[in-house]
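Colleague: First the structure, then my questions, so here it is.
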Amino acid sequence: MEYRPFGTTGLKVSRYGLGTLMLGAWGNPDRDECIRIIHGALDAGINLVDTADVYAGGESEEIVGAALAGRRDQVILATKFHNPMGPGPNQRGNSRRWIHEAVEASLRRLQTDWIDVYQAHRPDPATAIADTVEALSDLVRAGKIRYWGTSMFPPGQIVDALWTAERHTAIPPCSEQVLYNILARNVETDLFPTCRRHGTAVITWSPLSGGWLTGKYTRDDPAPAGSRAARYPQYFDAASETKLGTVERLTAVAQQAGLPLTHLALAWCGEHPAVSSTLLGPRTEAQLVDLLGVADTTLDAATLDRIDEINPPGVLLNPHDQDWANPDLEPSVRRR
Numbered sequence: 012m013e014y015r016p017f018g019t020t021g022l023k024v025s026r027y028g029l030g031t032l033m034l035g036a037w038g039n040p041d042r043d044e045c046i047r048i049i050h051g052a053l054d055a056g057i058n059l060v061d062t063a064d065v066y067a068g069g070e071s072e073e074i075v076g077a078a079l080a081g082r083r084d085q086v087i088l089a090t091k092f093h094n095p096m097g098p099g100p101n102q103r104g105n106s107r108r109w110i111h112e113a114v115e116a117s118l119r120r121l122q123t124d125w126i127d128v129y130q131a132h133r134p135d136p137a138t139a140i141a142d143t144v145e146a147l148s149d150l151v152r153a154g155k156i157r158y159w160g161t162s163m164f165p166p167g168q169i170v171d172a173l174w175t176a177e178r179h180t181a182i183p184p185c186s187e188q189v190l191y192n193i194l195a196r197n198v199e200t201d202l203f204p205t206c207r208r209h210g211t212a213v214i215t216w217s218p219l220s221g222g223w224l225t226g227k228y229t230r231d232d233p234a235p236a237g238s239r240a241a242r243y244p245q246y247f248d249a250a251s252e253t254k255l256g257t258v259e260r261l262t263a264v265a266q267q268a269g270l271p272l273t274h275l276a277l278a279w280c281g282e283h284p285a286v287s288s289t290l291l292g293p294r295t296e297a298q299l300v301d302l303l304g305v306a307d308t309t310l311d312a313a314t315l316d317r318i319d320e321i322n323p324p325g326v327l328l329n330p331h332d333q334d335w336a337n338p339d340l341e342p343s344v345r346r347r
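Shown next, in the form of structure tokens:
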């Protein structure tokens, strides 16, 4: 397993990290198998484990905590706050109050005294960025977290957080976690260059585009049994013809390179110099074994050029794949 610098923190993280969205009720309810998946990833050299308080209502964090018993020091452990964790209006967001409450709950579920990278899961337009920056800086100074980062923040808001930290003599974000795959390349235009200029680490998620880049979705079988499309049909719209055609062309490129499409897609993510780690998101042990087969795979320039011809740099094929809606585009904001 290759290890890469995590921004300017001095940490080294594995080229592939383990994402745990599918571990628990949202994906695999078998806790014993989920723990084996985590152990299998660690045994393969993965040292970045990423979760979030909202995943399966906290169950994912509980599974990660159980799996890391006796192995905590081997792991760069990342989790997130922001999404609703209860019915109350203050049990969510990026406010100082909620951050302090949320981190204590995550520490309990994770069975740990500290979190390595604590991430704001999404921007919060209702909270002053200074409050968020200062609250997270307090947690670093208290030893409850080592670093903090952002997730799905636009470039301007990342820079705003960096400037705010400088003005307030606070601790700046060290990382950004963002959706990135061959079908969703829009972050190459501005976000990646911004992170590189400021020494911000980048963790990428959804490298297989929700299963599209496994090749399992076809015109003949758009939602095979057991697939994410079958379990969450709301995430797969009828406007998929462009994706199907693109995946067919990418499959031919993978065959020419002597690789499964899955491995081509995973290896491609890590070829961008801005990317520190790409999260694998297995639901089963069998999926983990398949995904780990990519560990030493690199792509030559000719293969990368062919991928660029199929979906050019900076292009997002389907805006719905962005997974974050800019609130500044809402009618209430842009109309007098």
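For the sequence shown, our numbering gives the first residue as 12, with consecutive numbering after it. Backbone N, C-alpha and C define an ideal beta-carbon position, used for all residues, glycine too.
1. Among the candidates R157, S106, A153, I126, whose CA atom is the shortest distance from the CA of A3?
2. Looking only at DSSP bridge pairs, what is D61 linked to?
3. Run the CB neighbour count on W335, radius 10 Å, all protein chains shown included, and call it buried at 16 or more, exposed below.
4. Over what stretch of residues does the beta strand (DSSP E) that includes P16 continue unbroken?
5. Could you tell me the boundaries of the beta strand (DSSP E) in which I156 lies?
6. What span of residues does the alpha helix (DSSP H) with V144 cover, start to end?
7. Look up D339 in the DSSP assignment and say whether it is helix, strand or coil.
8. Can you check DSSP and say which residues form a bridge with T289?
9. Tell whether a beta-carbon distance below 7 Å holds between S9 and D64.
10. How would you label M12, buried or exposed, when you count the other beta carbons within 10 angstroms and need 16 or more for buried?
11. Taking only three categories from DSSP, how would you classify S186?
12. Can you tell me whether R152 is buried or exposed? The criterion is at least 16 other CB atoms within 10 Å of its CB, across all chains shown.
13. Looking only at C-alpha atoms, which of F203, A195, L261 sits nearest to G226?
14. Does the beta-carbon distance from G348 to S25 come in below 7 Å?
15. Does DSSP put A131 in a helix, in a strand, or in coil?
16. With distances taken from CA atoms, which of Q188, S71, I87 is nearest Q333?
17. Using the Cβ count rule (16 or more neighbours within 10 Å means buried), how would you classify H179?
18. Can you have a look at I49 and say buried or exposed, based on whether 16 or more other CB atoms are within 10 angstroms of its CB?
19. Go ahead and pull the three-state DSSP assignment for A55.
20. Where do the N-terminal and C-terminal ends of the alpha helix (DSSP H) with K254 fall, by residue?
21. Give me whichever residues DSSP pairs with L327 in a beta bridge.
22. Can you give the beta carbon distance from V75 to T20, rounded, assuming they're within the 8 Å contact cut?
23. Is the beta carbon of P100 closer than 7 Å to that of P338?
24. Here's a check: name, in chain order, each residue in its chain whose Cβ is nearer than 6 Å to the Cβ of N329, leaving out the five neighbours to either side.
25. Would you report the Cα separation of R108 and A146, rounded to the nearest angstrom?
26. Could you tell me whether the segment 166-180 touches the segment 270-279, where touching means 3 or more Cβ pairs closer than 8 Å?
27. Suppose you measure from the CA of N39 to the CA of L219; what does that come to, to the nearest Å?
28. Thinking C-beta only, is P134 closer than 7 Å to Q102?
Modeller: Quick answer:
1. Here the chain comprises residues numbered 12 to 347, so residue 3 is not present and cannot be evaluated.
2. By one-based count along the sequence shown, residue 61 stands at place 50. Answer is G30, A89.
3. Reading the sequence shown from its first residue, position 324 is the one you call residue 335. With fewer than 16 other Cβ atoms within 10 Å, it is exposed.
4. Residue 16 sits at position 5 when you count from the first residue of the sequence shown. Where P16 is concerned, the enclosing beta strand (DSSP E) stretches over 14-16.
5. Against the sequence shown, residue 156 aligns to sequence position 145. From DSSP, the beta strand (DSSP E) with I156 extends over 156-162.
6. Working through the sequence shown from its first residue, we reach residue 144 at position 133. Segment 140-153, the alpha helix (DSSP H) holding V144.
7. Position 328 of the sequence shown, counted from the start, is the residue given in the question as residue 339. Helix.
8. What you label residue 289 is simply residue 278 of the sequence shown in a count that begins at 1. Answer is Y27, T215.
9. There is simply no residue 9 to check, as the chain begins at 12 and stops at 347 in what is shown.
10. Here residue 12 refers to the residue found at position 1 when the sequence shown is read from its first residue. The residue in question, M12, is exposed, as its Cβ has fewer than 16 Cβ neighbours within 10 Å.
11. Here residue 186 refers to the residue found at position 175 when the sequence shown is read from its first residue. Strand at S186.
12. Position 141 of the sequence shown, counted from the first residue, corresponds to residue 152. Exposed, because fewer than 16 other Cβ atoms sit within 10 Å of the Cβ of R152.
13. Translated into positions along the sequence shown, residue 226 becomes position 215. It is L261.
14. Summary: the structure shown does not reach residue 348, with the chain confined to residues 12 through 347, and so no result is reported for it.
15. Within the sequence shown, numbered from 1, the residue matching residue 131 stands at position 120. Here A131 sits in strand by DSSP.
16. For the purposes of this step, residue 333 is taken as the residue at position 322 of the sequence shown. Considering only alpha carbons, the answer is Q188.
17. Indexing the sequence shown from 1 puts residue 179 at position 168. So H179 counts as exposed.
18. Here residue 49 is taken as the residue at index 38 of the sequence shown, counted from 1. It counts as buried.
19. The sequence position of residue 55 within the sequence shown is 44, counting from 1. Coil.
20. Here the question's residue 254 lines up with position 243 in the sequence shown. Per DSSP, K254 belongs to the alpha helix (DSSP H) from 252-268.
21. Position 316 of the sequence shown holds residue 327. DSSP lists A195 as partners of L327.
22. For the purposes of this step, residue 75 is taken as residue 64 along the sequence shown, with counting starting at 1. For the purposes of this step, residue 20 is taken as residue 9 along the sequence shown, with counting starting at 1. In fact, because the Cβ distance is near 21 Å, the residues do not count as touching under 8 Å.
23. The count along the sequence shown starts at 1 and reaches residue 338 at position 327. The count along the sequence shown starts at 1 and reaches residue 100 at position 89. In this structure, P100 does not lie closer than 7 Å to P338 by Cβ.
24. Indexing the sequence shown from 1 puts residue 329 at position 318. Within the same chain, N329 has no close Cβ partners at all.
25. The residue you call residue 108 lines up with position 97 of the sequence shown. The residue you call residue 146 lines up with position 135 of the sequence shown. Cα to Cα, the separation comes out at about 8 Å.
26. no
27. The residue you call residue 39 lines up with position 28 of the sequence shown. The residue you call residue 219 lines up with position 208 of the sequence shown. Rounded to the nearest angstrom, the two C-alpha atoms are 18 Å apart.
28. Translated into positions along the sequence shown, residue 102 becomes position 91. Translated into positions along the sequence shown, residue 134 becomes position 123. Contact flag unset, no.
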